[in-house]
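In the working numbering, the protein residues as written are 2 to 348.
Right, here's the structure in full:
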């Protein structure tokens, strides 16, 4: 426990120091949800302790449990604007040491037409993509508490510009003796760029999208429901956009000062709600609501269910199949597909 505390303090100081070099965040793709189940529950989930759900360790490394031994999970997201996101992970448990998992997270932004500064099209195309390796370790540290760490080497490539970085997540989770209540705390994306994009940022180091998240999950003892609450951006109170688009003037290309929320609305920007209906161990459906997503990406006149999400989870034979749909914008919806299975069942 003492070693974990020292690691958290060191990485937090390290992240804070490098955050002073740049203006906005880089590697924001690290915040994209990769699991159909989590996307259905609002896109954030750090408090559900589900013994064999390997994909949860992507959000909180302490959620990697020994029961996930030899599990493999494949996730694909058809994101907005034709962006493709994927995550593949595999886990092994080593007795008396802990549980290990390795995964690769990638984002492909597609092909772009190359143009000169004056707008002249050269006839060439270029691509842009991000990659992060996930090296996860977790271990039970005391009775019902588990700690975990996820080290993430990063490669980002946009046209001829590349950047290397390193990030880490450190988390802890708790589950009560009944198994009905669980909670988790995670410090996410602590780290720095190792090399910058050079000409794109004049060689300046940009901060990573650091986040502190807390999650709580309660399953009812005599009803097939689980309720989940996740709090994010706990290190930053005001999540109101400083600038917003001038919707009142259709021809305007300017931003105007954003309005401030009252205390209740500002508080709810940090809250993601989720509920699961679990009539059997082989079938479940989930729904989520992300208020911050709605406030950031909806148009006031037509919110069109922005911020809502839902999904289904079913086990067929040896395979667990999941699908989720999430509304990001009036014209933007993501679709997530996940497949997971235990390799040892095929032997």
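All residues carry an ideal CB built from backbone N, CA and C; glycine is no exception. Predicted model only: the values in this text are computed from it and were never measured.
- Contact between residue 92 and residue 65 holds: their C-beta atoms lie close to 6 Å from each other, under 8 Å.
- Under the three-pair Cβ rule at 8 Å, the segment 135-143 does not count as touching the segment 109-119.
- Of the other Cβ atoms in all chains shown, 16 or more fall within 10 Å of the Cβ of residue 275; this residue is therefore buried.
- Residue state for residue 263 is assigned as coil, using DSSP reduced to three classes.
- In the three-state scheme derived from DSSP, where H, G and I count as helix and E and B as strand, residue 65 is classed as coil.
- When C-alpha distances from residue 167 are compared across 88, 195, 345 and 49, the shortest belongs to 195.
- Taking the Cβ atoms as the reference, residue 37 lies roughly 4 Å from residue 325, within the contact range of under 8 Å.
- Within the segment 63-105, the complete beta strand (DSSP E) segments of 3 residues or longer fall at 72-79 and 85-95, listed in chain order.
- In the assembly as shown, residue 346 is an exposed residue. Its beta-carbon has fewer than 16 other beta-carbons within 10 Å.
- Three or more Cβ pairs closer than 8 Å define a contact, and the segment 41-51 falls short of that threshold against the segment 154-165.
- In this structure residue 85 does not touch residue 68 by the C-beta definition: roughly 31 Å separates them, more than the 8 Å allowed.
- Residue 106 is a Cβ neighbour of residue 88, given a cutoff of 8 Å.
- A straight line joining the alpha-carbon of residue 306 with that of residue 271 spans about 19 Å.
- Across the set 188, 277, 273 and 310, the C-alpha of 273 shows the shortest separation from the C-alpha of residue 292.
- Shown here for residue 45: same chain residues with a beta carbon closer than 6 Å to its own, the five before and five after excluded, namely 231, 233 and 273 in chain order.
- Residue ranges of uninterrupted alpha helix (DSSP H) with 4 or more members are absent from the segment 131-206; none lies entirely inside it.
- Secondary structure note for residue 39: it is in no beta strand (DSSP E), and the uninterrupted alpha helix (DSSP H) holding it is 37-41.
- Following the DSSP letters along the chain, one finds residue 49 in no beta strand (DSSP E), marked with neither H nor E.
- Here the segment 121-129 does not lie against the segment 141-152, with fewer than 3 beta-carbon pairs under 8 Å apart.
- Residue 267 has its alpha-carbon roughly 7 Å from the corresponding atom of residue 239.
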